[in-house]
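> Chains as they are written, first to last, in full-length UniProt numbering: chain A, 1 to 205; chain X, 1 to 205. Even glycine gets a Cβ: it sits at the ideal position worked out from N, Cα and C. This structure is in structure tokens; I'll ask about it shortly.
Protein chains: 2
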Amino acid sequence: MTETNTPAAPTRGPADHEVRDQIVVAATEHFSRYGYEKTTVSDLAKAIGFSKAYIYKFFESKQAIGELICVNCLRQIEVEVAAAIADAKLPPDKLRRLFKASTEASLRLFVQDRKLYEIAASAASERWQAVIAYEERFQALLRELLQEGRQSGDFERKTPLDEAVMSIQLVMRPYLNPLLLQHSLDSTDQAPTLLASLVLRSLSP
Amino acid sequence: MTETNTPAAPTRGPADHEVRDQIVVAATEHFSRYGYEKTTVSDLAKAIGFSKAYIYKFFESKQAIGELICVNCLRQIEVEVAAAIADAKLPPDKLRRLFKASTEASLRLFVQDRKLYEIAASAASERWQAVIAYEERFQALLRELLQEGRQSGDFERKTPLDEAVMSIQLVMRPYLNPLLLQHSLDSTDQAPTLLASLVLRSLSP
Numbered sequence: 001m002t003e004t005n006t007p008a009a010p011t012r013g014p015a016d017h018e019v020r021d022q023i024v025v026a027a028t029e030h031f032s033r034y035g036y037e038k039t040t041v042s043d044l045a046k047a048i049g050f051s052k053a054y055i056y057k058f059f060e061s062k063q064a065i066g067e068l069i070c071v072n073c074l075r076q077i078e079v080e081v082a083a084a085i086a087d088a089k090l091p092p093d094k095l096r097r098l099f100k101a102s103t104e105a106s107l108r109l110f111v112q113d114r115k116l117y118e119i120a121a122s123a124a125s126e127r128w129q130a131v132i133a134y135e136e137r138f139q140a141l142l143r144e145l146l147q148e149g150r151q152s153g154d155f156e157r158k159t160p161l162d163e164a165v166m167s168i169q170l171v172m173r174p175y176l177n178p179l180l181l182q183h184s185l186d187s188t189d190q191a192p193t194l195l196a197s198l199v200l201r202s203l204s205p
Numbered sequence: 001m002t003e004t005n006t007p008a009a010p011t012r013g014p015a016d017h018e019v020r021d022q023i024v025v026a027a028t029e030h031f032s033r034y035g036y037e038k039t040t041v042s043d044l045a046k047a048i049g050f051s052k053a054y055i056y057k058f059f060e061s062k063q064a065i066g067e068l069i070c071v072n073c074l075r076q077i078e079v080e081v082a083a084a085i086a087d088a089k090l091p092p093d094k095l096r097r098l099f100k101a102s103t104e105a106s107l108r109l110f111v112q113d114r115k116l117y118e119i120a121a122s123a124a125s126e127r128w129q130a131v132i133a134y135e136e137r138f139q140a141l142l143r144e145l146l147q148e149g150r151q152s153g154d155f156e157r158k159t160p161l162d163e164a165v166m167s168i169q170l171v172m173r174p175y176l177n178p179l180l181l182q183h184s185l186d187s188t189d190q191a192p193t194l195l196a197s198l199v200l201r202s203l204s205p
């Protein structure tokens, strides 16, 4: 994930971020057809019509490209979850929507879109930085939501906040982590509702 | 899983169930070295020193042998869980022990004992009869425990019993199903305690 900070030779070509975007779009397309694991940077270069060296000018490795695709994908999930929560007023309703929207977005992006599954699976099993940061932001969102509910009197206050956050994250894990999600497909319809209800019962004052 | 019910020719050899046991023991040993998926009934016959036809006299397929190994393994988990619960008096304590003992037994039998993992994984993904029956018995145990706690006044009675049972089963799934368990190893230490506490909060009257 290094940026080329050294000034490039004067050029009238596209800006760096445009080339990076172009590579990411082409790589996403290529990975979707031939798989992430099997593709090398040479394959990618040939397919895009760039030299391998030119791609390495923008990305230090295949994983660096994969990470950017992964970052985009995780950001998309967060945007959808935020939109789903924004409509709700009360903390319990927000929690229900959090379960539902995050399961649905993960399902669509990780599983139904097979081109992203392989990258998401590598990211999750190798614990890429993008995944760790995503999980931390998810945890922060959950913490914020619980604090809001504790202040409004909707949620109990006896359980240490850290413990409540951590245990709810464990409950949601099979529907957020692509490695578990692929083996949870028979419960993605019912689970968000059932589990949100169970968690809300556990939070009742 | 067919039994050879036709009377065999008069013989002073071992009883059928002894031969079946002998095949299962040898097969477990063989699968552990060479893997379940890769091994054929011919390989197995050669390794045990039986003819292929003789093995087919007792088992209709490799899966039938795998199912018996799987049944033994699941029975072992149930024995350990029952023993762990038997020591406890109060329903909440029983539930804690159910979480802990079933996670530990699944971990040891499915994951640490690599020879069983491959069979357990096939059993879980192909939903063998042994797995379905095991899940049903697990559900029945959970239902019994909840009813006991409702009668003793330890657990709330508002939530429909079916819903409570189903949602708790979903919470425990990552630690019981070998396909999910293999991706949950970083949380098997803490999760049983944290999740049992969350579930007990959800059950408080």
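#1: Write down the C-beta distance between X/SER125 and X/LEU203 rounded to the nearest angstrom, noting that I regard them as a contact closer than 8 Å.
#2: On the premise that A/ILE55 lies in contact with A/VAL41, defined as a C-beta separation below 8 Å, what is that separation, rounded to the nearest angstrom?
#3: Is X/ARG114 close to chain A, meaning its C-beta is less than 8 Å from at least one C-beta of that chain?
#4: Determine the direct distance from the alpha carbon of A/HIS30 to that of X/LEU181, and round the result to whole angstroms.
#5: With a CB to CB cut of under 6 Å and the five nearest residues on each side skipped, what residues in its chain are close to A/CYS73?
#6: In three-state terms, what does DSSP make of A/HIS17?
#7: Under 8 Å Cβ-Cβ, which residues of chain X neighbour A/ARG143?
#8: May I ask you to list, following chain order, the residues of the segment 124-139 of chain X that have a beta carbon less than 7 Å from some beta carbon of chain A?
#9: Classify A/GLY66 as buried or exposed, calling it buried when 16 or more other Cβ atoms lie within 10 Å of its own Cβ.
#10: By DSSP, does A/SER197 sit in helix, in strand, or in coil?
#11: Please classify A/LYS57: does DSSP put it in a helix, a strand, or coil?
#12: If you scan the segment 94-142 of chain A from start to end, which runs of the alpha helix (DSSP H) of 4 or more residues do you find wholly inside it?
#13: With a threshold of 8 Å on Cβ separation, who are the neighbours of X/SER184 within its own chain once the five nearest residues in sequence on each side are excluded?
#14: Roughly how many angstroms separate the alpha carbons of A/ARG28 and A/SER61, rounded to a whole number?
#15: Using C-beta distances below 7 Å, list every residue in its chain close to X/ILE77, excluding the 5 sequence neighbours before and after it, in chain order.
#16: So is A/GLU118 in contact with chain X if we call contact Cβ pairs under 8 Å?
#17: With DSSP collapsed to three states, give me the class of A/LEU68.
#18: Can you grab the Cα-Cα spacing for the pair X/GLU135 / X/GLU37, in whole Å?
#19: Using a Cβ-Cβ cut-off of 8 Å, state whether X/GLU104 counts as contacting chain A.
#20: How big is the Cα-Cα spacing for A/GLY153 and X/LEU200?
#21: Tell me, please, whether the CB atom of X/ASN72 is closer than 8 Å to any CB atom in chain A?
#22: Is it buried or exposed, X/LEU198, if we count other Cβ atoms within 10 angstroms and call 16 or more buried?
#23: Would residue 206 of chain A and A/CYS70 qualify as a contact pair, given that the criterion is a beta-carbon distance under 8 Å?
#24: Run down chain A in chain order and give the residues with a C-beta less than 8 Å from the C-beta of X/GLU163.
#25: Against chain B, with Cβ distances strictly below 8 Å, would A/MET172 count as a contact?
#26: Which of the three DSSP states is assigned to X/LYS46 in this structure?
#27: In the DSSP assignment, find the alpha helix (DSSP H) that holds A/ALA164 and state where it starts and stops.
#28: Flag this pair as yes or no: are the beta carbons of A/PHE99 and A/MET166 separated by less than 8 Å?
#29: Under 8 Å, do A/ALA196 and A/LEU95 count as touching if we go by C-beta distance?
#30: Please go through the same chain and pick out, in chain order, the residues whose beta-carbon is closer than 8 Å to the beta-carbon of X/ALA47, but skip the five residues on each side of it.
Inspection of the coordinates gives the following:
#1: Rounded, the Cβ-Cβ distance is 32 Å, inconsistent with contact.
#2: 6 Å
#3: no
#4: 32 Å
#5: LEU109 and LEU116
#6: helix
#7: Ordered by position in chain X, no residue passes the 8 Å Cβ test against A/ARG143, which lies about 15 Å from the chain.
#8: none
#9: buried
#10: helix
#11: helix
#12: 114-125
#13: PRO174, TYR175 and ALA191
#14: Here residue 28 of chain A turns out to be Thr, not Arg, going by the sequence shown. One C-alpha to the other measures close to 15 Å.
#15: SER102, ALA105, SER106 and LEU109
#16: no
#17: helix
#18: 24 Å
#19: no
#20: 20 Å
#21: no
#22: buried
#23: An answer regarding residue 206 of chain A cannot be provided, because it is not within the stretch 1 to 205 covered by chain A.
#24: LEU194 and SER197
#25: Chain labels in this structure do not include chain B; the protein chains are A and X.
#26: helix
#27: 161-176
#28: no
#29: yes
#30: ALA26 and HIS30
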